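In UniProt numbering, the protein residues as written are 1 to 348. Where is the CB? At the ideal position from N, CA and C, for every residue including glycine. What you are looking at is a predicted structure, and each value in this text was computed from that prediction instead of being measured. Contents: one structure, followed by commentary.
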């Protein structure tokens, strides 16, 4: 209630009391009737009391309402679940409270998302730091050893070759770190378009072909038909390549890697099958985690980013990944992409 309204009420109330007193005095002096004057005075006093009670009730209700609104706002600020007004009441205050509760839910979700992003960034920085320590430490050791004048030509050449190997590993690691950080930060936005999935698979095969050829590994691409679906061809190529590269890496020389496409009613499935050593059961649930390396992979070069990136890319296209493996017989990675997918998905 504003100050002007309060002032006006006080003026009206004062005028009402003055009128009552004036009317009472007029009855007393005009008609010389004390009883009538007393009755009028009593009636006027009752009206005054009613008015005072009304004002007191309004003031008390206003204070109570303000107190409840204060509690509701405090609950919102503290993110507490607290119901001030009954949700069963279909009044303005209950509706206001309902909107405040919705706002609180939105804020809660945003806070959880921000916390998750902070935790992911913290974890990413920690992982990057850990991964960079080894090649940097190795380079430092090799450079110190090269300063020894007593080294033979062959020894010096071995150290130089080792330095080149560490620099290649460092370059590979940094390239993957950049991709990973862009994906994690949401900088990359998928550009889904209707493209041939067969063409995307061939692009991935071309990237790994020379590596397979060096190990005399056959890559067999089984395609029954040319499948067109909505997907990001560049990033999907990256995902398929990462899995193909893993398959070639762990398959023994003269082995075989098969890639095939199968179209279903809702999803299109890309299978990548190898006849390598297989994946241990204890590693199956962890191989898609960032920087995870299974027990069978400790003797191979790698940092454990490829499969993580592959699943991230497929998931953000509303797809999913599966893996089955049998020790000593090989593994099968399956990528499922929807026939109808959402566009412009940011990679968080």
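C-beta atoms of residue i and residue j nearer than 7 Å
| i | j | result |
| --- | --- | --- |
| residue 229 | residue 339 | yes |
| residue 332 | residue 271 | yes |
| residue 232 | residue 190 | yes |
| residue 321 | residue 314 | yes |
| residue 258 | residue 217 | no |
| residue 311 | residue 288 | yes |
| residue 196 | residue 226 | yes |
| residue 238 | residue 198 | no |
| residue 278 | residue 329 | yes |
| residue 170 | residue 135 | yes |
| residue 208 | residue 180 | no |
Sheet register partners of residue i (DSSP bridge)
| i | result |
| --- | --- |
| residue 270 | 261 and 335 |
| residue 256 | 218 |
| residue 230 | 194 |
| residue 330 | 326 |
Opening and closing residue of the alpha helix (DSSP H) in which residue i lies
| i | result |
| --- | --- |
| residue 208 | 197-214 |
| residue 241 | 233-250 |
| residue 312 | 306-315 |
| residue 282 | 281-284 |
Span of the beta strand (DSSP E), counted from its first residue to its last, around residue i
| i | result |
| --- | --- |
| residue 320 | 320-326 |
| residue 218 | 218-222 |
Integer Cβ distance of residue i from residue j, believed to fall under 8 Å
| i | j | result |
| --- | --- | --- |
| residue 306 | residue 276 | Between residue 276 and residue 306 the Cβ distance is about 15 Å, and since that is not below 8 Å, they are no contact. |
| residue 157 | residue 138 | Going by Cβ atoms, the distance from residue 157 to residue 138 rounds to 17 Å, so no, they are not a contact pair. |
| residue 241 | residue 204 | 4 Å |
| residue 327 | residue 280 | 7 Å |
| residue 162 | residue 142 | 6 Å |
| residue 192 | residue 317 | 7 Å |
| residue 266 | residue 201 | Actually they do not touch by this definition, with Cβ atoms about 20 Å apart. |
Residue i Cβ short of 6 Å to the ligand PLP heavy atom set
| i | result |
| --- | --- |
| residue 225 | The ligand PLP is absent from the structure shown, which contains no ligands of any kind. |
### Task
Run through the stretch 130-184 for me and flag every whole alpha helix (DSSP H) of 4 or more residues, listed as ranges in chain order.
153-184
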